[in-house]
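Read the structure below first, then the notes.
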Amino acid sequence: MAIDIGKISALEEIADRIAIQDVLHNHSRGLDRGDVACIRACYWPDAEVDYGSFKGSAHVFAEAVVPALTAAYELTHHAVTNTLVHFFMHQARTESYVTASHLMIGAKREMIFSGRYLDTLVRHGDQWKLQHRLVVMDWSRERKLSDARESESFVDLHKGSNGMEDPLYDFLGIGG
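Each step along the sequence shown adds one to the number in the UniProt record's numbering, with nothing skipped, and position 161 is 161.
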């Protein structure tokens, strides 16, 4: 497959790229805030995912992943970068790097996953959503951690959470 590297894009393609990035970033927000509705909104109703141990309906995945993450981790932090988009009519295929940090319950250890999302997104009308996601693991590591959230330097900062108590929701005016 020939790839046009450095090609100047038309304005509509730039808008499509921004919309696609918005879907990918909102998916990460949904995972990190434990927001099932946010995750589901990123997928078309018939979308499928392949997360290794879960292969199937993306909407079923959204319902299952939040309780699984909150049972195993105090917090997660998914960072999606280096997204490359390849357009095929009303479909886009993306490769994104993902670094997902997971604070274990008790805040004594963390697991960091480095991998990629290979996503197929489909455009219906003026909206892009995920149709399929394949997660690729490049490597993962686990390490001991010294939790400094309550140290003198950080004690007065607002703290993140994986739920509606997170400061984001008050900031957006939809607080719990």
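Just so it is clear, CB atoms sit at the ideal spot from N, CA and C, and this is done for glycine as well.
Which same chain residues, not among the five before or five after residue 108, have their C-beta less than 8 Å away from its C-beta? Position 108 of the sequence shown, counted from the first residue, corresponds to residue 108. Closer than 8 Å at Cβ, skipping near neighbours: 144, 145, 147.
Under a three-way DSSP split, which group does residue 96 fall into? Looking up residue 96 in the sequence shown gives position 96. Residue state, collapsed to three classes: strand.
Whole alpha helix (DSSP H) elements within the region 11-54, 4-residue minimum: Whole alpha helix (DSSP H) segments, 4+ residues: 11-33, 36-41.
Can you give me the C-alpha to C-alpha distance between residue 26 and residue 70, rounded to a whole angstrom? Within the sequence shown, residue 26 is the residue found at index 26, counting from 1. Within the sequence shown, residue 70 is the residue found at index 70, counting from 1. Linking residue 26 to residue 70 through their CA atoms gives a straight-line distance of about 18 Å.
Measuring alpha carbon to alpha carbon, tell me which residue in 131, 118, 39 is nearest residue 138. As a working mapping, residue 138 is identified with position 138 in the sequence shown. When only C-alpha atoms are compared, the closest one is 118.
Residues bridged to residue 110 (per DSSP): Locating residue 110 in the sequence shown gives position 110, where the first residue counts as 1. Looking at the DSSP assignment, residue 110 forms a beta bridge with 103, 143.
Alpha carbon to alpha carbon, how far is residue 114 from residue 103? Give it in angstroms, no decimals. Along the sequence shown, one-based indexing puts residue 103 at 103. Along the sequence shown, one-based indexing puts residue 114 at 114. Within the model, the alpha-carbon separation for residue 103 versus residue 114 is close to 15 Å.
With 16 as the cutoff for other CB atoms within 10 Å, does residue 30 come out buried or exposed? Taking the sequence shown and counting its residues from 1, the one referred to as residue 30 is at position 30. Buried: at least 16 other Cβ atoms inside 10 Å.
For residue 79, list the residues DSSP reports as bridge partners. Residue mapping note: residue 79 aligns to position 79 of the sequence shown, counting from 1. Under DSSP, residue 79 forms a beta bridge with 99.
On the three-state DSSP scale, how would you describe residue 65? Numbered from its first residue, the sequence shown carries residue 65 at position 65. DSSP, reduced to helix, strand and coil, places residue 65 within a helical segment of the structure shown.
Local Cβ density within 10 Å of residue 16, reported as buried at 16 or more and exposed below that: Position 16 of the sequence shown, counted from the first residue, corresponds to residue 16. Residue burial is scored here from C-beta neighbours: residue 16 has at least 16 other C-beta atoms within 10 angstroms and is therefore classed as buried.
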